[in-house]
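The listed protein sequences correspond, in order, to chains H and G.
Numbering of the first sequence is given in UniProt numbering, commencing with residue 1 and proceeding in unit increments.
Numbering of the second sequence is given in UniProt numbering, commencing with residue 1 and proceeding in unit increments.
Just so it is clear, CB atoms sit at the ideal spot from N, CA and C, and this is done for glycine as well.
None of the values given here were measured: they were computed from a predicted structure.
Single-structure report; data block below.
Number of protein chains: 2
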Amino acid sequence: MSSERLIYLPLGGAGEIGMNAYVYGYGKPGKERLIVVDIGVAFPDMDTSPGVDLILPDITWLKERRDRIDAIFITHAHEDHVGAVAHYYEALRAPVYARRFTANIARRKMSEHGHPDEAVTVVQAWPEQIKAGPFTVAFLPISHSIPESSAMVIDTPEGRVIHSGDFKIDRTPGVGEAFDDALWADICKDGVKALICDSTNVFSPNAGRSEATVGPEIETLVSNADGMVIATTFASNVARVKTLAVAGERAGRSIVLLGRSMNRMVEAALESGVMTDFPTRIAPEDARGLPRENLMLLVTGSQGERRAASAQLANGKFQGLEAKEGDLFLFSSKTIPGNERGVIRIINMFSEKGVDVVDDSSGLYHVSGHANRPDLEQLHSIVKPQILIPMHGEHRHLREHVKIANAKGIKGVLAVNGMMIDLSGNEPKVIEYIDTGRTYLDGSVKIGALDGVVRDRIRMALNGHVTVTVILDADDSPLGEPWVDMMGLPEMGNSDSPLADVLEADLAQWLNRAGARTLRDDKALNDGLKKVARQSANDEIGKKPEVTVVVSRLS
Amino acid sequence: MSSERLIYLPLGGAGEIGMNAYVYGYGKPGKERLIVVDIGVAFPDMDTSPGVDLILPDITWLKERRDRIDAIFITHAHEDHVGAVAHYYEALRAPVYARRFTANIARRKMSEHGHPDEAVTVVQAWPEQIKAGPFTVAFLPISHSIPESSAMVIDTPEGRVIHSGDFKIDRTPGVGEAFDDALWADICKDGVKALICDSTNVFSPNAGRSEATVGPEIETLVSNADGMVIATTFASNVARVKTLAVAGERAGRSIVLLGRSMNRMVEAALESGVMTDFPTRIAPEDARGLPRENLMLLVTGSQGERRAASAQLANGKFQGLEAKEGDLFLFSSKTIPGNERGVIRIINMFSEKGVDVVDDSSGLYHVSGHANRPDLEQLHSIVKPQILIPMHGEHRHLREHVKIANAKGIKGVLAVNGMMIDLSGNEPKVIEYIDTGRTYLDGSVKIGALDGVVRDRIRMALNGHVTVTVILDADDSPLGEPWVDMMGLPEMGNSDSPLADVLEADLAQWLNRAGARTLRDDKALNDGLKKVARQSANDEIGKKPEVTVVVSRLS
């Protein structure tokens, strides 16, 4: 007999920052009914995923069980939580639930993929509950750097589970709901089986600061500025966008929004009602005639993205507006590790224009949206779970978070992507390891991260590429000599002859000496010519290129 | 009549961090005798220079004037100051001067390139002076994160110029010379024409800390550790390496050096006499039998370099030694912007092994080797130059440093790479713009950064590569159909057919419709086939690959 069990399975976000995707299940082993919490993306980089557009979780396991999925819940509208929802809607075909603002963003994504609004159901916050198979699920407001972020209160036959989503504890968040101590205490008062908890800031030792502390600093900065002020932050940080806009308005400046997502997020916040009193905006074309000291631009591109408004302004004009000597550029944002080079590039370009750049280094103009270590401990104390499973973090974050839990007498469980945990009974257990990974959206096609496609691209980037062409007649005799076409390789080698000439001479020599058996054998020819080309290049330029051999046989 | 003039020309390092190369000249315009201060390298990355081994300054201008170069002076042995000296020795053929330790490192490089020891002349510190054309030059000790760092005191017919080199003001530096206030005051007492000054830490607002503050913290950490301790820092930071080793020794641990540069730098420091009393080391093979709590490994790889000892230990064994649960790994170093991903990767790999990692975030276990803003101001006050030219920094650093100088009544001059400044008379002037840039060491070949070679590699990494082959007979008629070979592209496209099949069908269709004039014209064929292949791929996979067209004509 196999009794029913409660399982937890991270498919993304546990062992990395980004690409969150968590599965809960209840039922007999192998027949659990499933719900999914968040289905986000991660972003590619040149080092590991050149040419890739977006990184999605590998949902092979879920697809094979899609008839058992009762619902997908989205905690908030950040890309690393909602970004894959439209890409996988057809594959999973499960109803998607989200609160108003999140649903607004999710529906825009669905619509871009041709899916209807009905794909996403709007849910109110607690006390509304959604029945999803054996689960009863509610959205419990929690503060974060985007409106209507929510923890999920998941009631199961094994007890209540709380999935924190991304959060900080902010009692004065500006836009959106303050952390409600009384409500949280009430919801947790009858005992919580497990807290699945954000871990990204576990190494930040000091208590986090409220969004409200940022406003006065920004107002001082903006009111002391002489020229035009340009400020950037994540567009989805609607509270910050508003703080910036209000600071501009109070300093007698007209507000201009630049960049697609900046406009879209402010619209979504107004449409969904999470924000009501945003300062009047003017269009870029109306701003051109105004004195610089009466302008404040709120722009996309806080991470140095090459096509965003900040990069374009650093480069030259954007929508007719231009930064000039004496202007001020404010990064009201943190640079995500890996994006430093892009951000620094923009700062230097502004420096060349004589624009003063203020960034986060003073700590005055930005606060994090995630709970620092003392804030995590505060949540642990409020929730008092039997079990704590850290999520959303690299291995080092999860491990540290487990240590904190254990030190406080809470059973900490380190579960990375693919580890299925049985939460039933008294002792959580790892019961299965699921193959997980990453799926690349590459142009319009989805490919596996380990398919070898991207590996080949990286090799061409490191080593360059040579095409070797050989034509053989009907008797398997070479017709003329082999020739090469190169890409990404220097024209001249160490012997001061054109590299192509040297390769062709070496290839011709090899081909002349090749026996009849080799000439008849495509694989032997291919291997031989490739080896000669690589060795010859290595002698000439100290580098072994990737080689494509094209053998044409006339018959 | 054109009178003689004193010129300053940065060829690298002014507008970037790394790749330092500065030229001073004196004489009639266009006939100045020249000296070079430092000739360093920068390091490549996947984003901008995939496959490149090393980035060197473009010395075209210098090569064309090499008969006018009287000497090359190297301030210290960091790669970004000495790294290009052997690569350019043949091109410049000028005598190289350095102090003992720096010369030791420079000679190792010369020797790797087959150049004799005599290529580098060892010079004592001030008061020894070298006559170099119209210049008299001395090495003035200044503290930094490597032994025997020196400022250059350059006496010219226009007065004394001081080139700071990289520095901090450290009166208790551990290994090497303390900053000597009396000596500096004496050297500057008769007036200094210009101070050319390190700018890298100009945005750090607090006074820098001495190397001596690090020792006690590291000792506490190491003596409290239970398992094996592994520590990394820049190997060239010999003072830190010694601090770490002494901390290990005091905690009753045997010291093992791992990694080529770690061994080489300690050897160089002992050989050149800058360090005398380094704790006894044991060989890795002797360490294997010892209890873990009696071991301390000092390893290379503080920047997460993939092949360094730290990465190999994170991955598995290195020279028979292995990190295990309960061990401690210390980054006694700062992560250079751009290297975050590599460092974080290693931290997570250690985390998976159960190894605790301590990094610089607490500020306890590392101090910078560069002067922070208050330290820069201190040097300005000691030197009291008429003119201050910031060097070694990105544009933002140079600009900020100029502001600081101007605020104190010193004439600040912002000179980036390629700007030739006339320092004669009372008013410094930009008199010429020299084309500068970067030279890539790519395998064993030097190529220009803008030659297009690396651009093509980046394109292949982003877009993949297709070879299209077509054979035409003597009458310019296609012999069979075109075919394609792909690299770095998905096998299947959106139509669920193999991508190669779709491309070949589209190419065949185009070729069948091509007129006789197109078939006779290689360029028209090439352009047409390339366009079709790119368009066809774009329809199928949403991506336009790089295309090599190979047209073979039988005759």
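On a CA-only basis, which of the options is nearest residue i? Give me that one, please.
i: H:Phe318; options: H:Ile344, H:Gly259, H:Ala268 and H:Thr335; result: H:Gly259
i: G:Asp375; options: G:Val358, G:Arg457, G:Cys197 and G:Arg517; result: G:Cys197
i: H:Glu177; options: H:Trp483, H:Pro147 and H:Ala185; result: H:Pro147
i: H:Ala138; options: H:Ala125, H:Leu499, H:Ser149 and H:Leu92; result: H:Ala125
i: G:Arg373; options: G:Lys403, G:Ala314 and G:Asp359; result: G:Lys403
i: H:Pro498; options: H:Val484, H:Trp510 and H:Leu511; result: H:Val484
i: H:Ala132; options: H:Ile59, H:Tyr26 and H:Ser49; result: H:Tyr26
i: G:Pro428; options: G:Lys411, G:Ile434, G:Pro284 and G:Thr436; result: G:Lys411
i: G:Asp456; options: G:Ala14, G:Gly12 and G:Asp47; result: G:Asp47
i: G:Pro173; options: G:Pro157, G:Ser204, G:Pro141 and G:Leu56; result: G:Pro141
Considering just the uninterrupted stretch of the alpha helix (DSSP H) at residue i, what are its terminal residues?
i: G:Gly248; result: Val238 to Arg250
i: G:Asp80; result: Glu79 to Val82
i: G:Tyr24; result: Premise fails: G:Tyr24 lies in the beta strand (DSSP E), Ala21 to Gly27, not in any alpha helix (DSSP H).
i: H:Lys531; result: Asp522 to Ile541
i: G:Met349; result: Glu340 to Lys353
i: H:Ala91; result: Tyr89 to Leu92
Is it buried or exposed for residue i, if we count other Cβ within 10 angstroms and need 16 for buried?
i: G:Ala474; result: exposed
i: G:Glu79; result: buried
i: G:Lys109; result: buried
i: H:Leu450; result: exposed
i: G:Met1; result: Its pLDDT being 43, under 50, G:Met1 is placed unreliably by the model, and the measurement read from it follows with that caveat. Exposed: under 16 other Cβ atoms inside 10 Å.
i: G:Ile282; result: exposed
i: residue 565 of chain H; result: Given that chain H is displayed from residue 1 to residue 555, the structure contains no residue 565 of chain H and the question cannot be resolved.
i: H:Glu325; result: exposed
i: H:Ser150; result: buried
i: H:Ala533; result: buried
i: H:Arg396; result: buried
i: G:Asn201; result: buried
i: H:His113; result: exposed
i: H:Val96; result: buried
Could you give the residue range of the beta strand (DSSP E) that holds residue i?
i: G:Phe318; result: No beta strand (DSSP E) holds G:Phe318; DSSP gives it neither H nor E.
i: G:Leu183; result: Counting along the chain, G:Leu183 falls outside any beta strand (DSSP E), though it belongs to the alpha helix (DSSP H) covering Asp181 to Cys188.
i: H:Glu432; result: Lys429 to Tyr433
i: G:Ala138; result: Phe135 to Pro141
i: H:Gly159; result: Gly159 to His163
i: G:Leu441; result: Arg438 to Asp442
i: G:Leu364; result: Here G:Leu364 belongs to no beta strand (DSSP E), and DSSP marks it neither H nor E.
i: H:Thr172; result: Segment: none, H:Thr172 is in no beta strand (DSSP E) and carries neither H nor E.
i: G:Arg5; result: Arg5 to Gly12
i: G:Arg33; result: Arg33 to Ile39
i: H:Lys446; result: Val445 to Gly448
i: H:Thr121; result: Val120 to Val122
i: G:Ser150; result: Ser150 to Thr156
i: H:Tyr97; result: Val96 to Ala98
i: H:Leu54; result: Leu54 to Pro57
Where DSSP assigns a beta bridge to residue i, which residues make up the other side?
i: H:His465; result: H:Met487 and H:Glu546
i: H:Pro498; result: H:Met492
i: H:Glu394; result: Beta-bridge pairing links H:Glu394 to no other residue.
i: G:Thr232; result: G:Val299 and G:Phe331
i: G:Ile282; result: According to DSSP, G:Ile282 bridges with nothing at all.
i: H:Ser254; result: H:Leu295
i: G:Arg553; result: G:Leu472
i: H:Met265; result: In the DSSP output, where bridge partners are listed per residue, H:Met265 has none listed.
i: G:Ile69; result: G:Leu34
i: H:Asp198; result: H:Met391
i: H:Val192; result: H:Pro385
Checklist entry - Quick one: any contact between the stretch 272–279 of chain H and the stretch 219–227 of chain H, if contact means 3 or more CB pairs under 8 Å? => result Contact fails: fewer than three Cβ-Cβ distances are below 8 Å.
Checklist entry - Is the stretch 185–202 of chain G in contact with the stretch 223–232 of chain G, if contact means three or more CB pairs nearer than 8 Å? => result Result no; under three Cβ-Cβ pairs closer than 8 Å.
Next on the checklist: Can you confirm whether the stretch 13–24 of chain G touches the stretch 476–483 of chain G when touching is taken to mean that 3 or more C-beta pairs between the two stretches lie within less than 8 Å?
Outcome noted: Cβ pair count under 8 Å is below three, so no.
Item to check | Cβ contact (3+ pairs, closer than 8 Å) linking the stretch 378–398 of chain G and the stretch 349–369 of chain G | outcome: Taking 8 Å as the limit for Cβ pairs, the verdict is that the stretch 349–369 of chain G does not touch the stretch 378–398 of chain G.
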